[in-house]
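Each remark here refers to the structure printed beneath this line.
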Amino acid sequence: MDVRQLPTTAVLSDFVTVCELDGLKVIRVIHPKATAAVSLFGAHVLSFQPTGKEDAIWMSENADFSGNKAIRGGIPVCWPWFGKAAEPSHGFARSSTWTLKEHRESENGVIISLTLEDNAETREIWPHAFHAELLIEVSETLKVSLISTNTGKSAINVGGALHTYLNIGDVTETTVSALGNEYIEAGERKPSSGTTGFDQEVDRIYTCADETVVVEDPAYQRRMTVTNTGNNAVVVWNPWEALSISMGDMADDSYQTMVCVESAVYDRSVILEPGDKHILTTLLACQ
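Counted the way this note's numbering counts, the sequence shown spans residues 292 to 578.
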């Protein structure tokens, strides 16, 4: 995504502007270290491009920016659960409109804070009080932190994921390593070599991955590292051809240039007592 081409609606600082994308409000960062874009709808990172390098984030050319459904690509915020643990799938955070709380910038980069609190709509889906904050730190690297706080009077269980879609040159040449010795696929636990390539659909929950996972992208002549904390799994996903064809918001060949490497709490195992908070992070670096 060429974030520089988005029409500007407001200037917030030397490095931060508000733009529009098919009616969605987007916070754009243009900094000497990198450019980035974040939609207020879903608190959704749409782009992160270190200066002089390819965009690290993949966006579907058929993504729906109407605000009526979750956006395909980028970094969806799956919260307060991951997957089909409840309805809607992957929770409601990715299809809610967040609020820009603040932005800070320096010669080292830009930090954006977006927030979401319980409201009548969220309580119909999930009857709990909460405060969620997404911190996006843009520099030579991209750090995304999801901070979940229980503002209610009883304990809550939360899960979720930072569902990062990585932009790669050719999935058939790409490998992901440091994934540990076990994964869950279709509900079944299986042994792992710790490294996976791609020649078919991959949808795996790696439960013993290292804190830093390595993505080798020979087609773009780069290595990306994804460092995760606060998670209990790393999810690796590529839909391959048949599933790409079946998805209306993906092109038939979309699977060839993307792979998801997700920092996840896949099972809602985080218990937050009143006042407690949990921080789920992912740090993306391109080498």
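Even for Gly, the Cβ is constructed at its ideal location relative to N, Cα and C. For clarity, every value in this text was computed on a predicted model and none was experimentally measured.
- State the CB to CB distance for the pair residue 453 and residue 339, rounded to an integer number of angstroms; the pair is presumed to be in contact (CB under 8 Å). Incorrect: roughly 13 Å between the Cβ atoms, too far for contact.
- Mind checking who residue 481 pairs with in its DSSP beta bridge? 474
- Item | Of the residues 293, 428, 296 and 336, the one placed nearest residue 398, counting alpha carbons only | 428
- Message: I'd like to know whether the C-beta atoms of residue 451 and residue 369 end up nearer to each other than 7 Å.
- Response: yes
- Per the contact definition of three or more C-beta pairs closer than 8 Å, is the stretch 535-542 in contact with the stretch 476-484? no
- Message: Output needed for residue 248: all residues of its chain with C-beta closer than 8 Å, excluding positions within five of it in sequence on either side, in chain order.
- Response: Residue coverage of the chain in this structure runs from 292 to 578, which leaves residue 248 outside it and unanswerable.
- Query: Which same chain residues, not among the five before or five after residue 373, have their C-beta less than 7 Å away from its C-beta?
  - Reply: 381, 450, 451, 452, 555, 556 and 557
- Query: Should residue 430 go down as buried or exposed, given a rule of 16 or more other Cβ atoms within 10 Å for buried?
  - Reply: buried
- Proximal residues to residue 344 (C-beta, below 8 Å), its chain only, five neighbours per side dropped: 513 and 577
- Task: On the DSSP bridge assignment, give the partners of residue 440 in chain order.
- Result: 422 and 568
- Ignore the nearest five residues each way along the sequence and tell me which others in residue 356's own chain have a CB closer than 6 Å to its CB. 312, 313 and 315
- Task: Look up residue 530 in the DSSP assignment and give the residues it is bridged to.
- Result: Answer is none; residue 530 lacks a bridge partner.
- Query: First and last residue of the beta strand (DSSP E) that includes residue 327?
  - Reply: 325-330
- Where the alpha helix (DSSP H) containing residue 411 begins and where it ends: 411-416
- Start-to-end residues for the beta strand (DSSP E) that takes in residue 294: No beta strand (DSSP E) holds residue 294; DSSP gives it neither H nor E.
- In the DSSP assignment, what are the bridge partners of residue 456? 551
- Query: Do you know offhand how far residue 529's Cα is from residue 456's?
  - Reply: 9 Å
- Task: Helix, strand or coil for residue 408, going by three-state DSSP, please let me know.
- Result: strand
- Query: For residue 495, which residues does DSSP report across the bridge?
  - Reply: 527
- Which residue's Cα is closest to the Cα of residue 480: 419, 498 and 447? 498
- Would you mind sorting residue 366 into buried or exposed? The rule is 16 or more other CB atoms within 10 Å of its CB. buried
- Can you name the residues that DSSP bridges to residue 386? Paired residue(s): none; residue 386 is not in a bridge.
- Can you give the beta carbon distance from residue 531 to residue 476, rounded, assuming they're within the 8 Å contact cut? That belief does not hold up - the Cβ atoms of residue 531 and residue 476 are roughly 14 Å apart, past 8 Å.
- Grouping DSSP H, G and I as helix and E and B as strand, with all else coil, what is residue 311? strand
- Task: Could you tell me whether the Cβ atoms of residue 581 and residue 564 are closer together than 7 Å?
- Result: Any property of residue 581 remains undetermined from this structure, which presents the chain solely from 292 to 578.
- Item | As assigned by DSSP and simplified to three states, the class of residue 465 | coil
- Task: Apply the 10 Å Cβ neighbour rule to residue 478 and answer buried if 16 or more other Cβ atoms are within range, or exposed otherwise.
- Result: exposed
- Task: Name the residue from 461, 501, 511 and 502 whose alpha carbon lies nearest to the alpha carbon of residue 488.
- Result: 461
- Message: Helix, strand or coil for residue 354? Go by DSSP, reduced to three states.
- Response: coil
- Message: Using DSSP's beta-bridge definition, name the partner residues of residue 433.
- Response: 429 and 575
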